[in-house]
Amino acid sequence: MIGNFPYLVVGVLFVMGFVGIIFEKNLVKIAIAVSVVEAATNLFIITLGYRNGGSIPVWTMAGGGSSRMVLPTPQALTLTAIVIGLATTALMLSFVMIIYRHYGSLDVRDVRRLRG
Amino acid sequence: MNPLSVIARTVCNLFAWFLAVFGLYVIVHGHLTPGGGFQGGAVVATFMAFLLVAHGGKKMHSWVRKEIFTLMECVGLTVFITAGLLGMSKTFFFNFLAKSGGLFGTAVPIGPNPGALNTSGTIALMNLSVGLEVVGGLSMILLYMFSGAHPEEPFGREEAGHDR
Amino acid sequence: MKARIFFLVAALVVGGLLWGGLQSLHPFGIPNETPMDDYFIANAQGEAAANNVVTSIVFDYRGFDTLGEGAVLFTAVISVAALFRKRGHN
Numbered sequence: 001m002i003g004n005f006p007y008l009v010v011g012v013l014f015v016m017g018f019v020g021i022i023f024e025k026n027l028v029k030i031a032i033a034v035s036v037v038e039a040a041t042n043l044f045i046i047t048l049g050y051r052n053g054g055s056i057p058v059w060t061m062a063g064g065g066s067s068r069m070v071l072p073t074p075q076a077l078t079l080t081a082i083v084i085g086l087a088t089t090a091l092m093l094s095f096v097m098i099i100y101r102h103y104g105s106l107d108v109r110d111v112r113r114l115r116g
Numbered sequence: 117m118n119p120l121s122v123i124a125r126t127v128c129n130l131f132a133w134f135l136a137v138f139g140l141y142v143i144v145h146g147h148l149t150p151g152g153g154f155q156g157g158a159v160v161a162t163f164m165a166f167l168l169v170a171h172g173g174k175k176m177h178s179w180v181r182k183e184i185f186t187l188m189e190c191v192g193l194t195v196f197i198t199a200g201l202l203g204m205s206k207t208f209f210f211n212f213l214a215k216s217g218g219l220f221g222t223a224v225p226i227g228p229n230p231g232a233l234n235t236s237g238t239i240a241l242m243n244l245s246v247g248l249e250v251v252g253g254l255s256m257i258l259l260y261m262f263s264g265a266h267p268e269e270p271f272g273r274e275e276a277g278h279d280r
Numbered sequence: 281m282k283a284r285i286f287f288l289v290a291a292l293v294v295g296g297l298l299w300g301g302l303q304s305l306h307p308f309g310i311p312n313e314t315p316m317d318d319y320f321i322a323n324a325q326g327e328a329a330a331n332n333v334v335t336s337i338v339f340d341y342r343g344f345d346t347l348g349e350g351a352v353l354f355t356a357v358i359s360v361a362a363l364f365r366k367r368g369h370n
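As given, the protein sequences belong to chains A, B and C, one line each in that order.
Under our numbering, read the first sequence as residues 1 to 116, first letter to last.
Under our numbering, read the second sequence as residues 117 to 280, first letter to last.
Under our numbering, read the third sequence as residues 281 to 370, first letter to last.
Following this line, the structure appears as structure tokens:
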């Protein structure tokens, strides 16, 4: 079980972010919790592709460890996922700014009803 | 947003250029060392964020215009798509410049080697264009979100003579 | 009160099912099937002429995903610009 320690860390991060989304009252803290969940997902994708005693998949000055390289495909997919997370966070924070300008408060309980 | 103190402004003027040079290095050497277009573009965008935080919004709006960053982003995306369409004789996104002796077309010796900058065909062109796009896009997001947080300040060059 | 107990029990059941399903993940460090990645590591210098295997995957072998990602970034910038428009802007 100790050998699977990265999976445990991913699970703990995910649960902490998820609890933050459900139980928080401040809109900015909810946006931060969504960012934590995205970070946990990216970490999970990267740790799926590790080989014991592997080096980075780059051939420049590779030295003697060129026989065992870490799998490169999950790293390529995580790049795209990080950029998508950035776009989501930017739009969420823009919406929080406009809600604050319209309602005057950042509390979730005050912005419940749709008004004209 | 008010500018910070004299110490912060002086340190920013000295050290912000290291960020720009390092980010450009990460973008250009994307096919040799870990890095590439997206990572280097994010580093250069923090150069813009550094200047925005240290000097305040009014000075930034009198120095840069938003049209520069729009132009960078659109040029980056257009060059990316064009580099994909030029190899259309075999397939979309074909690396037609690799090992062909042209612009970036030297062959790479197999196995561990110190890298040469002249290699890897369309990958180097795509690195530069994606880096340009990410720099333009992230800087534009920062400038728009700043101007949205202070809606009463005029945007652009109408009050360029009023800042301190 | 009954609704809260029901939701708590349902969350525990879903968590237990998830944990049971994740037992069949490979142990950390020994991936399951690697023929595609072995092909990429062995042939990236010959075909794509780049020393960095990750960059050659992102821009050459899987260039369509990068095209979609450029579109996502562009859409995000346009959406932020459209949200913060001033009244009277041409």
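Where a beta carbon is used, it is the ideal one built from N, C-alpha and C, also for glycine.
Look at the Cβ atom of residue i, then the Cβ atom of residue j, and state whether they are nearer than 7 Å.
i                : j                : result
Ala330 (chain C) : Ile239 (chain B) : yes
Val360 (chain C) : Ser35 (chain A)  : no
Met88 (chain B)  : Leu248 (chain B) : This structure cannot speak to residue 88 (chain B), because chain B is shown only from 117 to 280.
Ala62 (chain A)  : Val338 (chain C) : no
Phe364 (chain C) : Gly264 (chain B) : yes
Tyr50 (chain A)  : Val70 (chain A)  : yes
Asp340 (chain C) : Ala328 (chain C) : yes
Val136 (chain A) : Ile98 (chain A)  : Lying outside 1 to 116, the shown extent of chain A, residue 136 (chain A) is not represented and no answer is given.
Phe196 (chain B) : Met261 (chain B) : no
Ile143 (chain B) : Gln325 (chain C) : no
Thr89 (chain A)  : Glu349 (chain C) : no
Gly237 (chain B) : Asn211 (chain B) : yes
Thr60 (chain A)  : Leu148 (chain B) : yes
Gly309 (chain C) : Asn52 (chain A)  : yes
Ala39 (chain A)  : Ile21 (chain A)  : no
Gly54 (chain A)  : Val37 (chain A)  : no
By Cβ distance below 7 Å, which residues in the same chain neighbour residue i in space, the five residues on each side in sequence not counted?
i                : result
Arg280 (chain B) : Confidence at Arg280 (chain B) is low in this model, with a pLDDT of 46, below 50, so the placement of that residue is unreliable and no value is reported for it.
Ser255 (chain B) : Ala161, Met164, Phe185
Ile321 (chain C) : Val333
Leu213 (chain B) : Leu219, Phe220, Gly221, Gly237, Thr238
Just the C-alpha distance for residue i and residue j, rounded to the nearest angstrom, thanks.
i                : j                : result
Val127 (chain B) : Phe154 (chain B) : 27 Å
Val224 (chain B) : Val108 (chain A) : 58 Å
Met281 (chain C) : Val289 (chain C) : 13 Å
Ala31 (chain A)  : Leu258 (chain B) : 17 Å
Gly104 (chain A) : Phe44 (chain A)  : 39 Å
Ala199 (chain B) : Gly152 (chain B) : 17 Å
Ser245 (chain B) : Gly157 (chain B) : 10 Å
Pro302 (chain B) : Thr222 (chain B) : No answer is possible for residue 302 (chain B): the residues shown for chain B start at 117 and end at 280.
Phe138 (chain B) : Val159 (chain B) : 8 Å
Lys366 (chain C) : Lys174 (chain B) : 17 Å
Leu140 (chain B) : Leu193 (chain B) : 18 Å
Lys206 (chain B) : Phe220 (chain B) : 19 Å
Pro315 (chain C) : Leu13 (chain A)  : 31 Å
Arg125 (chain B) : Val96 (chain A)  : 30 Å
Asn4 (chain A)   : Leu86 (chain A)  : 29 Å
Ala132 (chain B) : Leu168 (chain B) : 11 Å
Val10 (chain A)  : Thr41 (chain A)  : 8 Å
Leu106 (chain A) : Val122 (chain B) : 34 Å
Apart from the five residues just before and just after residue i, which ones in its own chain have a Cβ nearer than 8 Å to its Cβ?
i                : result
Asp345 (chain C) : Val338
Tell me which residues share the same chain as residue i and place their Cβ nearer than 6 Å to its Cβ, disregarding the 5 neighbours each side in the sequence.
i                : result
Pro6 (chain A)   : Thr47
Phe134 (chain B) : none
Leu130 (chain B) : none
With hydrogens ignored, establish whether the beta-carbon of residue i is closer than 6 Å to any heavy atom of the ligand ATP.
i                : result
Gly200 (chain B) : Here there are no bound small molecules, and the ligand ATP is not part of this structure.
Could you tell me which uninterrupted beta strand (DSSP E) segments, each at least 3 residues in length, are contained entirely in the segment 212-250 of chain B, listed from first to last along the chain? none
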